[in-house]
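Worksheet: the structure to be examined is printed underneath.
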Amino acid sequence: DTGVSQNPRHKITKRGQNVTFRCDPISEHNRLYWYRQTLGQGPEFLTYFQNEAQLEKSRLLSDRFSAERPKGSFSTLEIQRTEQGDSAMYLCASRLRGPENTIYFGEGSWLTVV
Amino acid sequence: DAKTTQPPSMDCAEGRAANLPCNHSTISGNEYVYWYRQIHSQGPQYIIHGLKNNETNEMASLIITEDRKSSTLILPHATLRDTAVYYCIVRVGDFGNEKLTFGTGTRLTIIP
Chain A
1026 DTGVSQNPRH KITKRGQNVT FRCDPISEHN RLYWYRQTLG QGPEFLTYFQ
1076 NEAQLEKSRL LSDRFSAERP KGSFSTLEIQ RTEQGDSAMY LCASRLRGPE
1126 NTIYFGEGSW LTVV
Chain B
3 DAKTTQPPSM DCAEGRAANL PCNHSTISGN EYVYWYRQIH SQGPQYIIHG
53 LKNNETNEMA SLIITEDRKS STLILPHATL RDTAVYYCIV RVGDFGNEKL
103 TFGTGTRLTI IP
């Protein structure tokens, strides 16, 4: 257990529905990241926050995806109008700012769109 | 971030040292080498990182060549629980690109 908590761990949803994942980072970690991982591939970067500011978004983050970190603590990742191609594991990670500070990952949230 | 090259798979006998190589020939002077592993269906687990010097912690040792173009992760006494996909990643410390670029990693299988 790294201390990064993600909920729910598993979600099955019908195509077209909206889903939201929550991430609670390690306390006092000011940087928070979202990654996506499909079967057989390594994790791919989606976006990151420094405190409440979203500083970078990948082109993978389509208009149907939105991430927030309203108070600089927990974060949510919402996917609207889900598609089958959204089926993946969504990983959250966090770290303290500092050149050597390590990024720690949560256990991930599995999404299956049927 | 520099790209890395790893063998797709390796086997190692239980109890022996597992040596996982990684090439990062285009690494820049301010880029760190990080190793993570991922056991099936779990999030990536941090193992170790280094800049220039060799590093050791309770999990593993990291050997970085003098020219920094390659490195080796060493698991000194592999156990069955070390079976996982191992990722070698290079990234700038704090003021560069924040994202970790994972490749497909090395699938390490520990043989009983």
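Protein chains in written order, with the numbering used here: chain A, 1026 to 1139; chain B, 3 to 114.
Glycine included, each C-beta is placed from N, C-alpha and C at the ideal position.
6 Å Cβ shell around residue i - same chain, five flanking residues per side excluded
i, result
"Cys24 (chain B)", "Thr6, Gln8, Ser73, Cys90"
"Phe1090 (chain A)", "Ile1104"
"Thr1101 (chain A)", "Thr1045, Arg1047, Glu1093"
Continuous beta strand (DSSP E) stretch holding residue i: start and end
i, result
"Ser27 (chain B)", "Run containing Ser27 (chain B): none; DSSP gives neither H nor E here."
"Lys1143 (chain A)", "The structure shown does not extend to residue 1143 (chain A), since chain A is modelled only from 1026 to 1139, so the question has no answer here."
"Leu1121 (chain A)", "That residue, Leu1121 (chain A), is in no beta strand (DSSP E); it is neither H nor E in DSSP."
"Met12 (chain B)", "11-15"
"Asp1049 (chain A)", "1044-1049"
"Thr1137 (chain A)", "1134-1138"
"Thr1038 (chain A)", "1035-1038"
"Gln1031 (chain A)", "1030-1032"
Own chain, CB closer than 7 Å to residue i, minus 5 neighbours either side, in chain order
i, result
"Tyr88 (chain B)", "Leu22, Trp37, Arg39, Leu75, Gly107, Thr108, Leu110"
Which listed residue (the options) has its alpha carbon closest to that of residue i
i, options, result
"Asp1088 (chain A)", "A:Pro1095, A:Asn1076, A:Ile1104, A:Gly1065", "A:Ile1104"
"Leu1116 (chain A)", "A:Val1138, A:Phe1074, A:Glu1132", "A:Glu1132"
"Ala19 (chain B)", "B:Gln44, B:His51, B:Ala62", "B:Ala62"
"Glu68 (chain B)", "B:Asn56, B:His79, B:Leu77", "B:Asn56"
"Gln1066 (chain A)", "B:Lys101, B:Pro10, B:His26, B:Glu100", "B:Pro10"
"Glu1069 (chain A)", "A:Ser1083, A:Thr1127, A:Ser1100", "A:Ser1083"
"Tyr34 (chain B)", "A:Thr1127, A:Val1139, A:Ser1134, A:Val1138", "A:Thr1127"
8 Å Cβ shell around residue i - same chain, five flanking residues per side excluded
i, result
"Val1044 (chain A)", "Lys1036, Thr1038, Glu1103, Ile1104, Thr1107, Leu1136"
Per DSSP, cross-strand counterpart(s) of residue i
i, result
"Glu1093 (chain A)", "A:Thr1101"
"Val35 (chain B)", "B:Gly52, B:Val92"
"Ile113 (chain B)", "B:Ala15"
"Leu1116 (chain A)", "A:Tyr1060"
"Gln8 (chain B)", "Looking at the DSSP assignment, Gln8 (chain B) forms no beta bridge with any residue, so it has no partner."
Residue i Cβ short of 7 Å to the ligand ADP heavy atom set
i, result
"Ser11 (chain B)", "Looking for the ligand ADP in the displayed structure turns up nothing, as the structure carries no ligands at all."
Could you name each continuous beta strand (DSSP E) segment of 3 residues or more that falls completely within the segment 45-110 of chain B, going from the start of the chain to the end?
Here the runs fully enclosed are 47-52, 63-66, 72-77, 86-94.
As an exercise, report each continuous beta strand (DSSP E) stretch of at least 3 residues that is fully enclosed by the segment 1047-1075 of chain A, in chain order.
Counting only runs of 3 or more, we get 1056-1062, 1069-1075.
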